[in-house]
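Top to bottom, those sequences are chains E and H.
Under my numbering, residues 297 to 317 are what the first sequence spells out, in order.
Under my numbering, residues 195 to 408 are what the second sequence spells out, in order.
These notes concern the structure reproduced below.
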Amino acid sequence: PASNLGLEDIIRKALMGNFDD
Amino acid sequence: ELTPEQQNLLHYIMDSYNKQRIPPEVSKKLLQEEFSAEENFLILTEMATSHVQVLVEFTKRLPGFQTLDHEDQIALLKGSAVEAMFLRSAEIFNRKLPIGHADLLEERIRNSGISDEYITPMFHFYKSMGELKMTQEEYALLTAIVILSPDRQYIQDRESVEKLQEPLLEVLEKYCKLYHTDNPQHFACLLGRLTELRTFNHHHADMLMSWRVN
C-alpha cells in the first residue's frame with residue numbers, strides 16, 4: 297500500500313505516472 | 195495590470211490547481227466513526243500520501259517543470275512537499291471543507307499522538323493564514339513558488355529553476371497590488387509565510403519521529 301512508501305518513492309512513482317502499478 | 199501573457203499563466207496555473215482532488219474514497223474515511231489514535235494515524239497517513247500524489251500531478255503541469263533534469267525534479271518535490279501540504283491544509287481549514295468536516299479533521303489531528311508542541315504552532319499557522327484572507331489564486335501561485343524554490347538541497351541547475359519561479363513571483367506581486375489595495379504589505383506578508391513554512395519543514399521530521407514513538 298502507498299502508505300508504506302517513503303516520500304521519495306511516492307514522488308518517483310507519481311512522476312512516472314504509474315502509481316497504480 | 196497583468197499582461198496578457200501573465201493572465202494566461204495565471205489561468206493555466208488555476209486550471210491545474212483546480213484539478214487537485216483527493217479521491218473521495220480517501221476523504222470519506224475522515225467521516226467514519228472510529229476515533230482511536232491508531233485509526234486517526236492511519237487516516238492521516240493515507241490522506242498525506244494521496245496529497246503528495248495530487249501535488250506531483252499539479253507540479254508536472256507547472257510551465258517548464260518537465261524540462262528540468264529528472265533528479266532536480268525529484269529534489270524540488272522532496273524539498274517542497276511538506277511545505278506545499280501545510281499550505282494546502284491551511285487553505286482547506288480556512289475555506290475548502292464542508293461544515294463540520296474541518297472540526298472532524300482537527301479532532302483527528304489533535305488525537306493522533308502528535309505532541310502539543312507541534313500541534314499548537316500548526317493550528318496557529320492555519321489561523322494566521324486565514325487572517326490574510328488569501329484568494330485561491332494566491333494559494334495556487336504561492337504553492338507553485340514554494341515548489342519551484344531554487345535553493346533546495348541537491349539541486350544541480352539552480353538557474354533553470356529560478357527562471358521558472360521568477361514569472362510566478364511577478365504575477366503574484368502584481369496580483370497582490372491589484373486585489374489587496376487596502377494592504378500594500380500583502381505581498382511581503384505572503385513571502386514572510388514562506389520563511390514560516392521552512393521552519394515547519396525543519397520540524398516535520400522531528401514531528402514524525404515523535405508521532406511514531408508515541
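Where is the CB? At the ideal position from N, CA and C, for every residue including glycine.
All figures in this text were calculated on a predicted structure; none of them were measured in a lab.
Sub-8 Å separation of residue i and residue j beta-carbons
i	j	result
N234 (chain H)	S306 (chain H)	yes
I341 (chain H)	S274 (chain H)	yes
K254 (chain H)	Q247 (chain H)	no
A334 (chain H)	I216 (chain H)	no
K272 (chain H)	L303 (chain E)	yes
F381 (chain H)	E364 (chain H)	no
F394 (chain H)	V276 (chain H)	yes
Y320 (chain H)	F287 (chain H)	yes
K223 (chain H)	E240 (chain H)	yes
F280 (chain H)	L388 (chain H)	no
I237 (chain H)	R302 (chain H)	yes
V355 (chain H)	L270 (chain H)	yes
Burial state of residue i, where buried means 16 or more other Cβ atoms lie within 10 Å
i	result
Q226 (chain H)	exposed
R308 (chain E)	buried
L336 (chain H)	buried
S322 (chain H)	exposed
Y373 (chain H)	exposed
Q359 (chain H)	buried
H396 (chain H)	exposed
R352 (chain H)	exposed
A399 (chain H)	exposed
I293 (chain H)	exposed
E267 (chain H)	The question names Glu, but residue 267 (chain H) is Gln in the sequence shown. So Q267 (chain H) ends up on the buried side.
Interface residues of chain E facing residue i [CB-CB closer than 7 Å]
i	result
Q267 (chain H)	L311
V250 (chain H)	I307, A310 and L311
Contacts that residue i makes with chain E (C-beta to C-beta distance below 8 Å)
i	result
L271 (chain H)	I307 and L311
V355 (chain H)	Near V355 (chain H) there are no residues of chain E at all, since even the closest Cβ is about 16 Å away, more than 8 Å.
Within chain E, the residues that residue i reaches when beta carbons sit closer than 9 Å
i	result
A275 (chain H)	L303, I306 and I307
* In chain order, which continuous runs of the alpha helix (DSSP H) of length 4 or greater are located wholly inside the stretch 204 to 275 of chain H? -> 218 to 221 and 231 to 254
* To do: At 4 residues or longer, and completely inside the stretch 272 to 352 of chain H: list those alpha helix (DSSP H) runs for me, N to C.
  => Those alpha helix (DSSP H) runs which fall completely within the stretch 272 to 352 of chain H and span 4+ residues are 295 to 304, 310 to 325 and 330 to 341.
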